[in-house]
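A.B. asks: The structure is given below, and queries will be raised subsequently.
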Amino acid sequence: MWSNFSFNPVAASTGAVDYDQLWMFEVVIAVIMTVLIFLAVFVFAIKYRRRSPDEPPPKPIYGNLKLEIFWTVTPLLTMLVMFGWGAKLYYEAYTPPKDALQLYVTAKQWMWKVQYPEGQREINEVHVPTGRDVAVTLASEDVLHSFFIPAFRVKHDVVPGSFQHVWFHATKPGRYHLFCAEYCGTDHSGMIGWIDVMTPLDYENWVSGAGEGGGTMAQQGERMFEQMGCSTCHLANGTGRGPSLQNVYGHPVQLDDGRTVLADEAFIREAILYPNAKVVRGYKRDIMPNFQGQISEEGLLQLLVYIKSLSAAPQTPSPAVKPGVKTSLLSYPKAASTALMAPVARKAPQQ
Amino acid sequence: MSTTVLEQPRVHEPVNYLNADYGWKSWLFTHDHKRIALLYLFSITALFFVGGFFALLMRLELLTPPGDLVSSDTYNKLFTMHGIIMVFFFLVPSIPATLGNFCLPMMLGARDLAFPRINLLSWYIYIAGAIITLSAVISGGVDTGWTFYPPFSTTYSQTHVVLTAVGVFVSGFSSILTGLNFIVTVHKMRAPGMTFMRMPLFVWSMYATSIIQVLGTPVIAITLLLIGFERILHAGIFDPKLGGDPILFQHLFWFYSHPAVYIMILPGMGVISELVPCFSRKRIFGYEFVAFSSLAIAVFGFLVWGHHLFVAGQSMYAGMIFSFLSMVVAVPSAIKVFNWTATMYQGSVSYETPMLYAFGFIGLFTIGGLTGLFLASMGLDIHLTDTYFVIAHFHYVMVGGMVMAYMGGIHFWWPKISGRLYPENWGRFAALVVFVGFNLTFFPQFILGYHGMPRRYHAYAPEFQVLNVLSSAGASILGLGYIMPIIYLTWSWFRGPIAPPNPWDARGLEWERAPSPPPTFNFETTPIVTEEAYNYANEMEAHVGG
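As structure tokens, this is what we get:
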């Protein structure tokens with residue numbers, strides 16, 4: 000029972016180190032305030048105790064405006080520091096860096112399904128390297144879940160009907176808990192997994208060895224794009240009944256009601272599930288069927304990755320790089336590992 | 000022989016609200032706010048022990064890491080029912096419906112509340128809600144968590160969600176009616192001379208609470224209705240598969256349920272504002288600041304609900320505004336703590352049971368409030384939310400604060416309510432046991448949360464066991480601390496020494512102008528108020544200046 004006990008939880012990411020600084024700051028403030036209040040209560044209770052039952056009543060004190068102002072303003076200023084610092088940490092924790100390694104996690108009762116852009120899949124295990132920003136896109140097949148890695152001080156709800164994001168930058172290799180933190184039914188406490196943090200070299204070996212036959216996520220998405228018949232209307236040259244999806248993701252789109260919206264993940268999601276919600280200018284309503292209920296969240300993520308790959312070249316995970324990976328990795332571990340893991344960096348030489 | 004001595008004065012006892020009539024009809028059809036307060040007292044005490052029993056089973060399960068005592072589904076039902084019963088059927092009505100019902104009219108110098116029949120109706124509605132909810136428990140329970148988050152609650156749960164929601168929905172009207180009754184009573188029923196600024200601070204806090212009850216409760220009622228619509232009629236409101244939005248529910252739910260936290264704690268603050276001056280023989284320090292901080296809490300409390308959604312995908316800038324306002328709402332609570340402490344300065348402090356509970360409240364509420372700042376601080380909330388840190392935080396406020404105040408208040412007004420004195424040393428001992436048991440139960444949970452143990456976990460990782468064992472040990476001590484008062488107060492009701500009208504030498508119309516227990520209509524003649532509250536020094540200028 001005592002063997003596993005420790006007072007300080009492990010901090011295995013850059014965010015966790017920043018987090019613990021604010022945590023310590025607030026602990027110190029809380030301890031100071033608690034000690035002050037307890038001390039005041041004890042001292043007053045003992046010093047001014049009633050010494051005999053018929054002691055004459057003490058002189059009344061109505062109050063003191065200066066004191067009231069003092070103990071209104073001082074806590075407020077202290078709390079503003081907590082607010083500002085906390086908001087900064089929050090902003091950083093929920094703003095994924097641009098060139099992060101991408102991971103796609105689908106939560107369902109009661110498991111975590113993970114897919115890497117390279118195409119591998121895992122359940123309840125997530126392999127990530129140290130020294131890299133890792134951005135996770137979260138989707139839920141059913142109810143609310145929450146993706147929680149205590150060692151990274153990172154958590155985000157997985158909200159059905161939307162994509163959510165979280166990121167981290169692991170620093171210490173090891174195996175860390177992955178918990179579901181939002182109650183999700185019977186086996187909520189069994190919806191746990193492990194984050195395997197590996198050195199970059201180990202990670203390269205793992206990621207290149209663990210591949211499946213299905214190709215990259217983008218390729219899987221492309222196959223689905225054909226199978227579901229999307230490709231019959233969304234012709235690449237723009238002559239189809241639906242708009243071309245080349246260079247759509249991340250760009251503004253004009254709608255038939257005159258609005259212009261950004262084609263982000265939420266837009267793509269809605270366009271697939273409820274195509275009539277926002278119709279692109281120049282195209283007809285009611286042509287495309289609703290895909291709500293026709294496609295799994297995992298499939299949706301693959302389609303998303305595929306559609307992203309059709310857009311701005313740097314987003315494309317190029318399958319052509321793959322065969323050469325192993326050799327380049329062995330000869331130039333560091334440079335190659337970054338090149339492999341960053342879709343952006345990988346494509347960069349071609350520009 | 001001792002019985003004859005005790006019985007003797009009873010024969011010649013003047014008529015009071017307890018001995019005015021004895022039949023069951025005189026209780027079930029009473030319009031007397033004091034009798035209704037007792038009806039509430041018995042019902043919420045019963046439900047408190049039902050809710051506490053569920054908690055005890057949970058703590059037993061959590062003694063060991065694997066889920067071995069009860070099944071996952073049973074565990075999920077246990078924490079759900081614990082939460083629903085404790086929040087909606089104990090904490091929300093506790094002080095307002097018992098001590099508020101009993102004291103508020105008397106403190107104002109009124110014969111009863113403004114609407115005595117509505118007051119009785121609100122008890123019946125409360126009982127109806129409780130019976131509906133308990134019938135859901137008996138017929139198999141509900142497993143959504145007290146928060147009813149969809150789409151789990153509307154689409155996936157296989158349990159009695161609708162029945163439970165109906166019970167909570169119904170009980171909400173009881174809360175609204177009590178709030179309405181109190182607001183009207185405070186405005187229209189004050190005795191001559193009882194200006195707003197002469198009202199006891201307990202009345203101020205009841206008034207602030209009532210405003211929240213009347214404005215907030217309809218929102219939870221509508222929200223639960225929408226849950227029913229989606230679950231039964233499959234109307235797409237919250238479930239994305241039906242075209243709804245699960246985050247919408249969280250906004251609606253917390254728009255009530257965060258202010259509801261203040262429904263639960265403000266009355267406790269009101270009780271402490273009575274206890275500290277009485278047992279310090281001192282006027283409260285900074286009356287106006289304590290009074291208006293209650294109203295400030297009621298107003299700002301409505302603007303902070305989004306801090307429950309920091310990790311739910313809420314817009315970052317909305318989150319920042321909610322975080323800022325959550326910091327602001329902490330200020331009036333801090334003001335109260337400082338003023339209570341300052342009241343003791345140069346006082347004449349004695350250590351009767353109610354004051355021990357007040358000490359406990361000030362200390363534990365301080366910890367509960369300060370740990371709330373960790374959660375209001377968005378960056379820290381990411382890791383701490385949905386862990387045991389949150390559990391510890393709100394139990395420090397709700398149990399360490401609210402229940403401490405409730406116990407203190409029950410002991411304080413017990414002589415007035417029952418006409419009997421309770422055994423002081425037993426009271427002190429129980430207060431100490433509650434304090435020790437409480438801290439042992441909930442302090443380890445702060446550390447558990449920081450270490451990352453999620454809440455609502457039936458089974459947990461082995462490294463969390465030490466702290467869980469401490470917590471479970473504390474829970475058994477805490478349980479003992481709550482059972483003791485039941486025993487000695489029951490004894491006191493029948494056998495305790497007869498109480499004088501004002502055993503604490505307290506100020507306030509209920510103590511100074513009415514016998515213990517009071518007659519049905521409280522006062523022989525309508526009191527005329529000529530002084531401010533808490534005139535413990537009997538200052539002449541207050542009498543003269545009026």
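Just so you know, the protein sequences line up as chains L and Z, in that order.
Quick note on numbering that gives the first Met the number 0: the first sequence kicks off at 0 and runs consecutively.
Quick note on numbering that gives the first Met the number 0: the second sequence kicks off at 0 and runs consecutively.
By construction, the Cβ of each residue, glycine as well, lies at the ideal position given by its N, Cα and C atoms.
1) Quick check: the Cα distance between Pro-95(L) and Ala-134(L), rounded to an integer number of angstroms?
2) Can you grab the Cα-Cα spacing for the pair Ile-231(Z) / Phe-82(L), in whole Å?
3) Cβ atoms of Asp-186(L) and Pro-159(L): under 8 angstroms apart, would you say?
4) Using the rule of at least 16 other Cβ atoms within 10 Å of the residue's Cβ for burial, across every protein chain shown, is Thr-194(Z) buried or exposed?
5) Quick test of the definition: if touching needs 3 or more C-beta pairs under 8 angstroms, does the segment 440-451 of chain Z touch the segment 383-400 of chain Z?
6) Write down the C-beta distance between Val-185(Z) and Val-213(Z) rounded to the nearest angstrom, noting that I regard them as a contact closer than 8 angstroms.
7) Cβ of Thr-129(L) less than 8 angstroms from any chain Z Cβ?
8) Out of Ser-12(L), Met-223(L) and Leu-100(L), point me to the one whose CA is closest to Pro-116(L)'s CA.
9) If you measure from the beta carbon of Trp-22(L) to each beta carbon in chain Z, is any gap under 8 angstroms?
10) Measuring straight from C-alpha to C-alpha, what distance separates Tyr-273(L) and Tyr-148(Z)?
11) My assumption, with CB atoms under 8 angstroms, is that Glu-269(L) sits in contact with Lys-277(L). Please give the rounded CB distance.
12) Starting from Thr-386(Z), follow its DSSP beta bridges and name the residues at the other end.
13) Would you grab the beta carbon distance between Trp-111(L) and Cys-183(L) for me? Rounded to a whole angstrom, and I think it's under 8 angstroms.
14) Just the Cα atoms here: how many angstroms apart are Tyr-535(Z) and Cys-277(Z)?
15) Going straight from the alpha carbon of Thr-198(L) to that of Ala-11(L), what length do you get?
16) If the criterion is Cβ atoms closer than 8 angstroms, does the pair Tyr-125(Z) and Ser-25(Z) meet it?
17) Mind checking the segment 280-293 of chain L against chain B and listing, in chain order, the residues whose C-beta falls within less than 8 angstroms of any C-beta there?
18) So if DSSP puts Thr-105(L) in a beta bridge, which residue, or which two residues, is it bridged to?
19) Per DSSP, which residues does Ile-497(Z) bridge with? Please list them.
20) Let me check understanding here. Comparing Cα to Cα, which of Asp-285(L), Asp-132(L) and Gly-62(L) lies closest to Thr-13(L)?
21) Beta strand (DSSP E) containing Gln-245(L): first to last residue?
22) In chain order, what are the residue ranges of uninterrupted alpha helix (DSSP H) at least 4 long that sit wholly in the segment 37-123 of chain L?
23) In the segment 278-303 of chain Z, which residues sit with their C-beta less than 8 angstroms from some C-beta in chain L, listed in chain order?
24) Asp-244(Z) versus chain L: which residues are under 8 angstroms apart at the beta carbon?
25) Check each residue of the segment 169-191 of chain Z: if its Cβ is closer than 8 angstroms to any Cβ of chain L, include it; give the result in chain order.
26) Let me see if you follow: with CB-CB separation under 8 angstroms, is Gly-62(L) close to chain Z or not?
27) From Ser-349(Z), Gly-215(Z) and Phe-364(Z), pick the residue whose C-alpha is nearest to that of Gly-547(Z); which is it?
28) Thinking just about the alpha-carbon of each residue, which of Pro-251(L), Leu-261(L), Gly-241(L) and Leu-309(L) is nearest to the one in Arg-284(L)?
29) Excluding sequence positions up to five away, which residues of its chain have a Cβ less than 6 angstroms from the Cβ of Ile-527(Z)?
30) Is there a Cβ from chain L that is less than 8 angstroms from the Cβ of Asn-537(Z)?
31) Pull up the distance between the alpha-carbon of Gly-66(Z) and that of Trp-425(Z), whole angstroms please.
32) Give the straight-line distance between the Cα atoms of Phe-101(Z) and Phe-463(Z), rounded to the nearest whole angstrom.
33) Thinking Ser-292(Z) and Ile-334(Z) are a contact (beta carbons under 8 angstroms), I'd like their distance in whole angstroms, please.
34) Which chain L residues are close to Gln-345(Z), counting only those with a beta carbon under 8 angstroms from its beta carbon?
35) Can you confirm whether Gln-163(L), when its beta carbon is compared against all beta carbons of chain Z, has any partner nearer than 8 angstroms?
36) Do you know how far the Cα of His-307(Z) is from the Cα of Leu-324(Z)?
C.D. replies: In this structure, then:
1) The alpha-carbon atoms of Pro-95(L) and Ala-134(L) are separated by roughly 6 angstroms.
2) Their Cα atoms are separated by approximately 42 angstroms.
3) No, Cβ-Cβ distance for Pro-159(L) and Asp-186(L) is not below 8 angstroms.
4) Residue environment: Thr-194(Z) is assigned as exposed (fewer than 16 neighbouring CB atoms within 10 Å of its CB, all protein chains considered).
5) The segment 440-451 of chain Z, when compared against the segment 383-400 of chain Z, does touch it at the 8 angstroms Cβ threshold.
6) Rounded, the Cβ-Cβ distance is 12 angstroms, inconsistent with contact.
7) Between Thr-129(L) and chain Z, the shortest Cβ-Cβ separation is not below 8 angstroms.
8) Of Ser-12(L), Met-223(L) and Leu-100(L), the residue nearest in Cα terms is Leu-100(L).
9) Cβ-Cβ to chain Z under 8 angstroms: yes for Trp-22(L).
10) Taking the Cα positions, Tyr-273(L) is about 24 angstroms away from Tyr-148(Z).
11) About 6 angstroms separates the two Cβ atoms, so the contact holds.
12) Under DSSP, Thr-386(Z) shares a beta bridge with Pro-453(Z).
13) With 8 angstroms as the limit, Trp-111(L) and Cys-183(L) do not qualify as a contact, their Cβ atoms being about 11 angstroms apart.
14) Per the coordinates, the alpha-carbon of Tyr-535(Z) lies some 8 angstroms from the alpha-carbon of Cys-277(Z).
15) Cα to Cα, Thr-198(L) sits roughly 13 angstroms from Ala-11(L).
16) Contact flag unset, no.
17) Absent here is chain B; the protein component of the structure consists of chains L and Z.
18) Its beta-bridge partners are Lys-112(L) and Ala-138(L).
19) Partner(s): Arg-419(Z).
20) Checked all of Asp-285(L), Asp-132(L) and Gly-62(L); the closest Cα to Thr-13(L) is Asp-132(L).
21) Taken as a continuous stretch (DSSP letters only), Gln-245(L) belongs to no beta strand (DSSP E), as it is neither H nor E.
22) Segments of the alpha helix (DSSP H) lying fully in the segment 37-123 of chain L: 64-92.
23) Correct list: Ser-279, Arg-280, Lys-281, Arg-282, Phe-284, Gly-285, Tyr-286, Glu-287 and Phe-288.
24) Those are Gly-160, listed as they occur along chain L.
25) Those residues of the segment 169-191 of chain Z that come within reach of chain L (Cβ to Cβ, closer than 8 angstroms) do not exist; the list is empty.
26) Output row for Gly-62(L): interface = yes.
27) This structure cannot settle anything about residue 547(Z), because the visible part of chain Z is limited to 0 through 545.
28) Residue Gly-241(L) is the option with its Cα nearest to Arg-284(L).
29) Cβ neighbours of Ile-527(Z) within its own chain (closer than 6 angstroms, five residues either side excluded): Pro-191 and Gly-192.
30) Yes, because at least one Cβ of chain L sits closer than 8 angstroms to the Cβ of Asn-537(Z).
31) Cα to Cα, Gly-66(Z) sits roughly 38 angstroms from Trp-425(Z).
32) About 45 angstroms.
33) Confirmed, about 5 angstroms.
34) Near Gln-345(Z) (Cβ distances below 8 angstroms), the residues of chain L are Tyr-47, Pro-57, Lys-58 and Ile-60.
35) Cβ-Cβ to chain Z under 8 angstroms: yes for Gln-163(L).
36) Computed Cα separation, rounded: 13 angstroms.
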